[in-house]
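For the sequence shown, position 4 (counting from the first letter as 1) is numbered 3 according to numbering that gives the first Met the number 0, and the numbering increases by one without interruption.
Worksheet: the structure to be examined is printed underneath.
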Amino acid sequence: MALRSFFRTKLGFSGLLPRLSPCSSHGRVCVSQQRNSSTAPKIKVDFDQNTGVAVMHMQSPPVNSLSLDFLTELAISVEKLEIDKGCRGLIITSNQPKVFSAGLDILEMYGKSPERCGEFWKAVQEMWLKVYCSNMVTIAAINGSSPAGGCLLAMTCDYRIMADNPRFTIGLNETQLGIVAPFWFKDTMINTVGHRNTELALQLGLLYSPSEALKVGLVDQLVPEDQVLTTAVKTMTKWLAIPEHARQITKSMMRKPTMDKLKSNREADIQNFVSFITKDSIQKSLHMYMEMLKRKKA
Ligand code: CO8
């Protein structure tokens, strides 16, 4: 079955082309919707057949925010690599300066219909399931800031290497936007940094500097900015030297309960998200947050 129709029929994706909602009255929103509707590939994959390692470059300007199109492209790229038996390792990195990923595209959650919000959330779930449950070794080469969904994407990998630049931050800052990280974001973080650190991080919406992130175990290694990718490639060699079957079973044993929890609650989780995000008070918080981002820039 062609991959595109596989995604449409098995996963319920509606295809790669964006479905744009009518432009909101806020000029800024319209501009960014145009940005999201760009047909340029948002993901570039370099696969080295000799080493069995693929490097996935996120290249969605300006900040690799995870829009519906972006998430769909990412999930399809991971799926393609997953079914290629020659591919054993995946490194995820960014081609955007200073930013790994700004997390979920806020414009996908603002002023959208419940149907569109549901479609978006399904794609967020799909991205997480594809990467968290991958049989491949996955390494996040975090060469810039990585808030919220960007942090989730990094935590979904097996190992995290971050650029040692104090201007970069990483964390699940959802409460700062007036929203609540869903249970599987929380579970992924608990599995990474433990219960107490997660409680502090989530309630306070903490964004950690690289050294703080290393201290709590949110990232595994810090290296100079220009060595993030080369270190990821070297680290991958070590991981790939472990007997593959044993490593894969071990990974599955560690992650399956978390994965099963979402798998058996997907529809309810989508409904929760839609009813939460479309509330007037939450829409207002998102609007204020976007205004704050704009003011910060001015
Ligand atoms: N979505 C959409 N647009 C964004 C986002 C985003 N997440 N982040 C930044 N942008 C836009 C900015 O508004 C700006 O737009 P414009 O050029 O039109 O003014 C452009 O990208 C560039 O942004 P900056 O000037 O701020 O770029 P910097 O390089 O100075 O900073 C940062 C980059 C650090 C990434 C900064 O942009 C930032 O902090 N962004 C916000 C990140 C954030 O808080 N993301 C949270 C998203 S929510 C999420 O991921 C999980 C939600 C879970 C939902 C659960 C509900 C139940």
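The beta carbon of each residue, even a glycine, is placed where N, CA and C say it ideally should be.
All values reported here derive from a predicted model rather than from experimental measurement.
In terms of side-chain proximity, the C-beta atom of G148 is found nearer than 7 Å to a non-hydrogen atom of the ligand CO8. Sequence-distant partners of V44 (beyond 5 residues in either direction) whose C-beta falls short of 6 Å from its own C-beta, in its chain, are A53, M55, S76. Here M235 is buried, its C-beta having at least 16 other C-beta atoms within 10 Å. Counting along the chain, T92 sits inside the beta strand (DSSP E) bounded by residues 88–93.
The count of Cβ pairs closer than 8 Å, one atom from the segment 147–163 and one from the segment 124–132, reaches three, so the stretches are in contact. In this structure, L128 has its beta carbon at no less than 7 Å from each heavy atom of the ligand CO8.
A contact between stretches requires three or more CB pairs, one per stretch, nearer than 8 Å, and the segment 203–214 fails this requirement with the segment 240–259. A contact is defined here as three or more CB-CB pairs under 8 Å, and the segment 176–184 fails this definition with respect to the segment 159–166. Counted as a single uninterrupted DSSP element, the beta strand (DSSP E) harbouring I42 occupies residues 42–47. In the DSSP assignment, L221 falls within the beta strand (DSSP E) that extends over 220–222. The Cβ atoms of G148 and L65 sit closer than 8 Å to each other. Under the Cβ criterion (8 Å, minimum of three pairs), the segment 255–273 does not count as touching the segment 196–208. Relative to the ligand CO8, the beta carbon of L103 is positioned inside 7 Å of a heavy atom. Looking at the DSSP output, Y158 sits in a beta bridge with I138. L285 is positioned such that its CB atom lies closer than 8 Å to that of L176. The criterion of a C-beta distance shorter than 8 Å is satisfied by I269 and K121.
If one requires a minimum length of 4 residues, the alpha helix (DSSP H) runs lying completely within the segment 59–86 are 67–82, in chain order. DSSP lists L65 as the bridge partner or partners of L103. By the Cβ-count criterion, K283 is exposed, with fewer than 16 other Cβ atoms from all chains shown falling within 10 Å of its own Cβ.
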